[in-house]
Amino acid sequence: MADEKIYLTSEGFLEIEEELNHLKNERRPEIIKALKDARALGDLSENADYDAARDEQAKVEGRILELEKILEKATIIESNKDGKVGLGSTVTIYYIDDEEEEEYMIVGSKEADPSENKVSNESPLARAIMGAKEGDVRSVESPNGKYDVKIVSVK
């Protein structure tokens, strides 16, 4: 994550802030209490509760650092109003070979979630359709082969 830009929608930025606040204000105090309780049991060298709490603490602190770096380097993306596919756009595409239509939102890689049809700007599909307008047909080079899509709408 040296100097790379991290693109997030405003919703994605808020979700990361919420996760960070949850970890700092809820999980961290829970772990500190678990560590204190485990220490009170005595010998730490053979204390499974203490070891588990330390492991959890390391995971949570690592995630907190990761989220802080993401927010620090985040660039908020807004959807284009010029009718071209770009970061933040919601685009409906028609798969020509399959005769199916699907709607996707183009987001940064940290926010991508295929189950919610949020596609990374680094994905083969997004790279192929970036800059396209309604009615354009683009070829997508994917690991599963080449296919064509038609841009139905861009919001």
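Oh and the sequence shown: position 64 is 124 in the working numbering, straight run, nothing missing. Glycine included, C-beta positions come from ideal geometry on N, C-alpha and C.
Between L83 and I124, the C-beta gap is smaller than 9 Å, which places the two residues in contact. Taken in chain order, the complete beta strand (DSSP E) segments of 3 or more residues contained in the segment 116-169 are 134-136, 150-155, 160-167. For D97, the enclosing alpha helix (DSSP H) begins and ends at 88-99.
Taking 8 Å as the upper bound for CB-CB distance, G168 and I66 are in contact here, some 6 Å apart.
With contacts defined by Cβ atoms closer than 9 Å, G191 and K141 do not form a contacting pair. D109 is positioned such that its CB atom lies closer than 9 Å to that of A98.
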